[in-house]
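Have a look at the structure below, then the notes.
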Amino acid sequence: MVKQEEVFKKFVEDIATAQQLNARSEDIEEAKRWIYKGGQAPLGEKIKSSVPEGFRSLIAELERSSRLPNSRKELGEFFKGLIEYIDKIPSVKLNLAFFPGEEFLNKLTDWLENQLGKKAVVDVSLDERIIAGAMIEYAGEYRDYSFASKLDEVLKKEVGLL
C-alpha cells in the first residue's frame with residue numbers, strides 16, 4: 004500500500020480554510036460511521052448520500068486504486084490516523100475587511116505552505132474597521148498590517164485626535 008501520509012495529503016490538498024478543514028473532519032467522522040454499516044459494499048457507495056460528492060469520489064478513487072485498507076478494522080485505524088494528521092495542520096488567523104475569494108485563498112495557502120514548509124490553513128475573520136490590509140496571528144506571534152492601524156498612528160501623531 005502507498006505511504007499513508009501521501010494518501011492523507013490527498014484529503015486536504017483542496018482545503019484552504021479552517022472552516023473547510025473542520026467540514027472535512029466531519030466528513031471523515033461520517034465515513035467512519037459507515038465502515039460497519041451497509042454490508043460488504045465499497046465505502047464510496049455506502050456514503051453516497053451522507054457526504055459531499057467530492058469527498059465521496061475521493062474515497063471511491065482511493066478504493067479503486069487500492070490505496071485504502073481493505074479490512075474494516077484497518078480502515079477505522081486509517082481514518083483515526085487521518086483525523087490525527089488533520090488536527091496537526093496549523094491554522095493562521097487572518098482578520099480582513101472582506102471575505103476573500105477562492106483564488107485569493109488558494110494563492111495565500113500556497114504561499115503559506117512555501118513559507119512554513121508544510122500545509123497550513125487560514126482562519127478568516129471579518130473586521131470592517133481594518134479598512135485594508137490584514138491582521139495576522141500564527142504560533143503566538145501577531146502582526147498588524149492593516150490600514151486602520153496606520154491611520155490611527157497618523158491621527159495620533161499629526162492631528163492629536165486619538
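Position one of the sequence shown corresponds to residue 4 (our numbering), numbered consecutively onward. Built from N, CA and C at the ideal position, the CB exists for glycine as well. No experiment lies behind these values; they were computed from the predicted model shown.
Bounding residues of the alpha helix (DSSP H) (the contiguous stretch that carries residue i)
i: V15; result: Q7 to V15
i: G47; result: L46 to K49
Residue i, enclosing beta strand (DSSP E) - first and last residue
i: S128; result: V124 to L129
i: R132; result: Taken as a continuous stretch (DSSP letters only), R132 belongs to no beta strand (DSSP E), as it is neither H nor E.
i: I139; result: M138 to Y141
i: Y39; result: Counting along the chain, Y39 falls outside any beta strand (DSSP E), and DSSP gives it neither H nor E.
Pick from the options that is closest to residue i, judged by C-alpha positions
i: I92; options: P72, S74, L115 and P103; result: L115
i: I139; options: S94, R132, L24 and K110; result: S94
i: Y39; options: G57, I31 and K49; result: K49
i: I134; options: L78, F14 and A100; result: A100
i: L65; options: N109, P45 and G79; result: P45
i: I86; options: Y145, K35 and Q22; result: K35
DSSP-derived helix/strand/coil call for residue i
i: N25; result: helix
i: D147; result: strand
i: M4; result: For M4, the pLDDT reaches just 43, beneath the cut-off of 50, and the residue's location in the model is therefore unreliable, leaving the point undetermined.
Buried versus exposed, by CB contacts within 10 Å (16 or more), residue i
i: E8; result: exposed
i: L165; result: Confidence at L165 is low in this model, with a pLDDT of 49, below 50, so its placement is unreliable and no value can be given for it.
i: K122; result: buried
i: F102; result: exposed
i: N73; result: exposed
i: L71; result: buried
i: N117; result: exposed
i: N98; result: buried
i: A21; result: buried
Handout entry: Unbroken stretches of the alpha helix (DSSP H), 4 residues or longer, contained in the segment 64 to 108
Key = 75 to 90
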